[in-house]
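What follows is a short report on a single structure.
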Amino acid sequence: MSERLYGDAKATAKVADVNRKQRMLEDAEMKVRQDPNARNHTKLVNALFDLGRMEDAEREANKLLQAYGEDLQALTDLGFIYKNQGRREEAMKTFQRVVELQPRHALARCAENEIWMMDPSFKPSWMRKE
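Residue numbering for the sequence shown is 64 to 193, as defined by my numbering.
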C-alpha cells in the first residue's frame, strides 16, 4: 500500500509542477502583452523552455534578439534551446558568441562550460595557460 501512496504522491507532484509551469507561462504572456520589454520576453522564453516548447522558445528568443540586439541572456537561452533540440553546432556557435561579446561575464563562463561539455577538446578560459 505504501508503494501506491508513494506513486500517487509522485503523480500529484508532477501534475502540480506542470500546473505551476503553465501558470508561469500565462503570467509571462500577460506581462509581455502589458509591457513587451526584454525582461518580460526573457521570462516568456524561460517559461516556454520549462514546458518543453522548444520551437516556441526559439521563436521568442529570436524575436528578443531582433528587438534588443545581442543580449547575453537571450543568446545563452538560445544556446540551451539549440542544445535541447540536439542542434549541437548551432548551440556551440551561439555559446561562442556569448564568450566573444563579454568573456569575463558569468554567462560567458557558463557558455564556455557548455561548449566544453559538448566538445572536450575545447579548453575553457580557466583551463588555459595564458
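Ideal Cβ placement from N, Cα and C applies to all residues, glycine included.
Just so it is clear, the structure is predicted and the values come from calculations on it, not from any experiment.
Cβ shell of residue i (< 7 Å), same chain only, five flanking positions each side left out
i, result
"residue 171", "161, 162 and 165"
"residue 101", "127, 131 and 134"
"residue 95", "103, 104 and 107"
"residue 157", "138, 141, 142 and 145"
Local Cβ density within 10 Å of residue i, reported as buried at 16 or more and exposed below that
i, result
"residue 80", "exposed"
"residue 75", "exposed"
"residue 108", "buried"
"residue 123", "buried"
"residue 89", "exposed"
"residue 118", "exposed"
"residue 71", "exposed"
"residue 155", "buried"
"residue 110", "buried"
"residue 91", "buried"
C-alpha gap between residue i and residue j, whole angstroms
i, j, result
"residue 73", "residue 147", "25 Å"
"residue 175", "residue 188", "8 Å"
"residue 134", "residue 105", "10 Å"
"residue 93", "residue 191", "45 Å"
"residue 86", "residue 182", "36 Å"
"residue 178", "residue 98", "34 Å"
"residue 184", "residue 151", "15 Å"
Cβ shell of residue i (< 6 Å), same chain only, five flanking positions each side left out
i, result
"residue 153", "145"
"residue 121", "144"
Reduced DSSP secondary structure (H/G/I, E/B, other) of residue i
i, result
"residue 123", "helix"
"residue 132", "coil"
"residue 73", "helix"
"residue 85", "helix"
"residue 80", "helix"
"residue 109", "helix"
"residue 168", "coil"
"residue 140", "helix"
"residue 148", "coil"
"residue 176", "helix"
Closer than 8 Å: residue i CB and nearest the ligand ATP heavy atom
i, result
"residue 157", "Among the ligands in the structure shown, none appear at all, so the ligand ATP cannot be discussed."
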